[in-house]
Amino acid sequence: MNYSAEPFAGNAAAGGAIDSHTVLYGVIGDPVRHSKSPIMMNRAFRETSVNGVYAAFHIKEDQLAAFAGGVRAMGIRGVNVTIPHKVNIMKYLDEIDPAAAAIGAVNTIVNEDGKLIGYNTDGVGYVRSLKEEAMPSIAGKRVLVIGAGGAARGIVHALAAERPERIVIANRSLGKAEELAGAFANLAELEPIASGGLEEACGQADLVINTTSVGMYPNVDESPVGKGWLKEGAVASDLIYNPLATRFLREAEQLGHTVHGGLGMFIQQGAIAFEHWTGKPAPVQAMRETVLAALNGQRS
Ligand code: NAP
6 MNYSAEPFAG NAAAGGAIDS HTVLYGVIGD PVRHSKSPIM MNRAFRETSV
56 NGVYAAFHIK EDQLAAFAGG VRAMGIRGVN VTIPHKVNIM KYLDEIDPAA
106 AAIGAVNTIV NEDGKLIGYN TDGVGYVRSL KEEAMPSIAG KRVLVIGAGG
156 AARGIVHALA AERPERIVIA NRSLGKAEEL AGAFANLAEL EPIASGGLEE
206 ACGQADLVIN TTSVGMYPNV DESPVGKGWL KEGAVASDLI YNPLATRFLR
256 EAEQLGHTVH GGLGMFIQQG AIAFEHWTGK PAPVQAMRET VLAALNGQRS
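For any residue, its number in the working numbering is found by taking its place in the sequence shown, counting from 1, and adding 5.
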């Protein structure tokens with residue numbers, strides 16, 4: 006079957022007709038109804054005249070094997086995978102990209118003629134967004150990553166490829182920071198620290214990244230760091246995009262720091278998935294507009 010992105014007058018989500026050439030895409034998660042991926046990806050198909058339609062599937066863990074079979078049987082071309090399935094889906098795939106294997110999680114599946122290949126676009130999406138929006142080069146920089154969960158793993162892996170001077174990983178549970186630093190010790194200079202060392206580490210970093218959920222809605226008055234802890238000229242980056250600017254970023258901006266929010270990572274992880282599926286450059290600006298409008302509408 007030829008999955009190449011055929012030109013089309015519009016996709017189903019744009020009001021164009023679904024026809025016998027329409028290719029299916031989707032996201033799986035549990036829960037999944039909050040996901041902004043369907044509106045973002047259907048806008049991307051519309052902008053690029055790809056005859057595709059993207060839906061959200063609420064899949065429970067015990068349905069993952071059946072879902073993978075369904076993807077093959079129905080010729081679903083691409084799937085995004087979100088919480089809590091990024092690790093468990095891997096055993097149902099035919100091939101795992103080396104970076105996703107090293108990270109230990111998959112967020113994007115490409116169906117190549119019935120062969121399901123898993124990729125991880127979270128970390129590379131983050132780095133692409135950071136370079137475009139806030140820090141054009143990470144080479145030689147001192148990076149501080151706060152948190153050592155699933156998102157931090159992808160980000161540390163992608164950052165390591167940018168040749169930073171070193172990456173310090175600070176986590177509430179030191180063991181998880183040590184485990185993460187150990188996993189990628191061959192890729193970069195990595196140093197795990199406990200939260201007690203955070204203020205000092207902030208003062209030495211050129212880039213401070215919050216990968217924890219501290220500051221996320223509804224706890225918008227929380228911040229993982231104290232105001233004024235960053236050194237002059239340091240960039241403040243947060244994976245959270247609800248709110249678009251967390252307390253950490255608002256305070257850093259007040260003190261003159263360049264700030265980088267989590268929306269760009271969300272857009273770029275989707276853009277890279279789109280590129281894997283269609284072979285076309287993603288219409289990033291249109292995707293961003295659509296997600297921003299949805300997030301703003303949600304708040305009004
Ligand atoms: P996760 O695997 O559950 O990891 C959570 C991390 O946050 C752990 O390091 C945890 O520390 C730390 N943490 C949680 N609550 C804390 C607290 N009260 N004080 C200190 N540390 C705390 O979650 P994840 O999947 O990595 O996601 C983390 C964040 O990234 C979430 O806010 C998520 O929305 C965001 N994210 C954004 C994007 C995007 O596209 N922008 C993509 C993925 C994730 P312990 O190890 O000590 O528990």
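For every residue, glycine included, the Cβ atom is placed at its ideal position computed from N, Cα and C.
Asked                                                                                                                                                                                       : Found
By a C-beta neighbour count over all protein chains shown, 10 Å radius and 16 as the cutoff for buried, is aspartate 127 buried or exposed?                                                 : buried
Compute the distance between the beta-carbons of glycine 152 and threonine 251, then report whether it is under 9 Å.                                                                        : no
Give every residue of the same chain whose Cβ lies closer than 7 Å to the Cβ of alanine 60, excluding the five residues on either side of it in the sequence, and list them in chain order. : Gly31 and Pro43
Is leucine 1 helix, strand or coil when you go by DSSP?                                                                                                                                     : No statement about residue 1 is possible, as the shown extent of the chain runs from 6 to 305 and does not include it.
Over what stretch of residues does the beta strand (DSSP E) that includes glutamate 196 continue unbroken?                                                                                  : 195–199
What number of angstroms, rounded off, separates the C-alpha of phenylalanine 253 from the C-alpha of tyrosine 124?                                                                         : 31 Å
Looking at the strands, I want to know which residues DSSP matches up with arginine 147.                                                                                                    : Arg171
For phenylalanine 279, I'd like the list of residues in its chain whose CB is within less than 6 Å of its CB, leaving aside the five on either flank, ordered along the chain.              : Ala49 and Ala287
Would you list the one or two residues that DSSP bridges to valine 28?                                                                                                                      : Gly57
How close, in whole Å, do the beta carbons of histidine 306 and glutamate 138 come, if the pair is a contact with beta carbons under 8 Å?                                                   : Within the shown structure, residues of the chain are numbered from 6 to 305, placing residue 306 beyond reach of any answer.
Taking Cβ to Cβ, would you say leucine 192 is nearer than 9 Å to alanine 165?                                                                                                               : yes
Please report how far the alpha carbon of proline 89 lies from the alpha carbon of alanine 73, in whole angstroms.                                                                          : 16 Å
Per DSSP, what are the beta-bridge partners of serine 42 in this structure?                                                                                                                 : None, per the DSSP bridge assignment.
Going by beta carbon distance, what residues of the same chain come within less than 6 Å of glutamate 258, once the five residues before and after it are set aside?                        : Val264
Below 8 Å on the Cβ atoms is my contact criterion, and I expect isoleucine 214 with isoleucine 160 to pass it. Report the Cβ-Cβ distance as a whole number of Å.                            : 7 Å
By Cβ distance, which residues of its chain are closer than 7 Å to glutamate 256, with the 5 residues on each side in sequence left out?                                                    : Ser228 and Lys232
Pick out every residue whose C-beta is nearer than 6 Å to a heavy atom of ligand 1: which are they, in chain order?                                                                         : Asp127, Gly152, Ala153, Gly154, Gly155, Ala156, Ala157, Asn176, Arg177, Ser178, Lys181, Thr216, Thr217, Ser218, Val219, Met221, Leu244, Ile245, Tyr246, Gly267, Met270, Phe271 and Gln274
To the nearest angstrom, report how far apart histidine 162 and leucine 297 are at their CA atoms.                                                                                          : 28 Å
Looking at the structure shown, is isoleucine 64 part of a helix, part of a strand, or coil, going by DSSP?                                                                                 : coil
Where does valine 240 fall in DSSP's three states?                                                                                                                                          : strand
DSSP state of histidine 262, grouped into three classes?                                                                                                                                    : coil
In whole angstroms, give me the CA-to-CA distance for alanine 186 and alanine 157.                                                                                                          : 11 Å
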